[in-house]
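Engineer: Let me begin by handing over the structure; questions about it come next.
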């Protein structure tokens, strides 16, 4: 029994005819990687249906997100959820601090420096007048005691005048002491 040689079917085109009917070069058609319908001798035939199915499959792959690491990150959704959780935690922390400020349990450093910066000059001016008041009330007091008062009060007055500027540095020292 001899096998019948394959016959060209209706709708089959050889490679050059198929490329010409599609308006592409033979080399471009080769790169598409379409499976041939059959070979008859040295000629390779392609069905229009196979070419159409192949091109539709290629188009649908281009439109689908690539989840195998070549396109989108497969962990993108997980990372997005983690970032949302981190943002929500930061917002909750910020709101807790605002609530503590509103409840008068927490004072911002900027406000403390502002208050001390306004109170310190008043303290300094009062300290400057202490020695004069003592001298008026006790005129018989030895002048060297008054001079000693004046030196000590001047040192305290200078410290009080700089108190508002010292708050950020003192805060840093305090935070470092808590970390130890």
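In our numbering, the protein residues as written are 49 to 228.
Cβ coordinates follow ideal geometry from the N, Cα and C atoms, glycine included.
As the structure is a prediction and not an experimental result, all values here were calculated from the model.
(1) Taking all protein chains shown into account, decide if residue 141 is buried (16 or more other Cβ within 10 angstroms of its Cβ) or exposed.
(2) Under 7 Å, do residue 77 and residue 85 count as touching if we go by C-beta distance?
(3) Express the C-alpha separation of residue 144 and residue 151 in angstroms, rounding to a whole number.
(4) Determine contact between the region 164 to 179 and the region 206 to 213, defined as no fewer than three beta-carbon pairs at a distance below 8 Å.
(5) To the nearest angstrom, report how far apart residue 101 and residue 126 are at their CA atoms.
(6) Determine the closest residue to residue 105 out of 221, 58, 82, with distance taken between C-alpha atoms.
(7) According to DSSP, is residue 210 part of a helix, a strand, or is it coil?
(8) Where does the unbroken alpha helix (DSSP H) through residue 128 begin, and where does it stop?
(9) Quick one: using the 10 Å Cβ neighbour count with 16 as the cut-off for buried, is residue 189 buried or exposed?
(10) For the 8 Å Cβ check, are there 3 or more pairs between the region 212 to 222 and the region 157 to 170?
(11) How would you write the range of the alpha helix (DSSP H) that residue 73 sits in, first residue to last?
(12) From the DSSP output, in three-state form, read off residue 188 for me.
(13) Starting from the Cα of residue 194, find the closest Cα among 204, 179, 185 and give me that residue.
(14) Do you know how far the Cα of residue 168 is from the Cα of residue 149?
(15) Quick one: using the 10 Å Cβ neighbour count with 16 as the cut-off for buried, is residue 108 buried or exposed?
(16) Do you know offhand how far residue 137's Cα is from residue 227's?
(17) Quick check: residue 157 and residue 219, are their CB atoms within less than 7 Å of each other?
Structural biologist: In short:
(1) Taking the first residue of the chain shown as position 1, residue 141 is located at position 93. Exposed is the call here.
(2) Indexing the chain shown from 1 puts residue 77 at position 29. Indexing the chain shown from 1 puts residue 85 at position 37. Not closer than 7 Å, so no.
(3) In the chain shown, the residue the question calls residue 151 occupies position 103. In the chain shown, the residue the question calls residue 144 occupies position 96. About 10 Å.
(4) yes
(5) Numbered from 1 along the chain shown, position 53 holds the residue referred to as residue 101. Numbered from 1 along the chain shown, position 78 holds the residue referred to as residue 126. Taking the straight line from one Cα to the other gives about 35 Å.
(6) If you number the chain shown from 1, residue 105 lands on position 57. Of the listed residues, the one whose Cα sits closest to residue 105 is 82.
(7) Within the chain shown, numbered from 1, the residue matching residue 210 stands at position 162. Note: residue 210 maps to coil in three-state DSSP.
(8) The residue you call residue 128 lines up with position 80 of the chain shown. Segment 124 to 150, the alpha helix (DSSP H) holding residue 128.
(9) For the purposes of this step, residue 189 is identified with residue 141 of the chain shown, where counting begins at 1. Exposed.
(10) yes
(11) Here residue 73 refers to the residue found at position 25 of the chain shown. Note, residue 73: premise wrong, no alpha helix (DSSP H); not H, not E.
(12) Here residue 188 refers to the residue found at position 140 of the chain shown. Three-state DSSP puts residue 188 in coil, outside helix and strand.
(13) Taking the first residue of the chain shown as 1, we reach residue 194 at position 146. Closest option to residue 194, Cα to Cα, is 179.
(14) On the chain shown, residue 149 is found 101 positions in, with the first residue counted as 1. On the chain shown, residue 168 is found 120 positions in, with the first residue counted as 1. Each residue's Cα considered, the two are about 23 Å apart.
(15) Reading the chain shown from its first residue, position 60 is the one you call residue 108. Residue 108 should be labelled exposed.
(16) The residue you call residue 137 lines up with position 89 of the chain shown. The residue you call residue 227 lines up with position 179 of the chain shown. When rounded, the distance between both Cα atoms is 23 Å.
(17) On the chain shown, residue 157 is found 109 positions in, with the first residue counted as 1. On the chain shown, residue 219 is found 171 positions in, with the first residue counted as 1. Contact flag set, yes.
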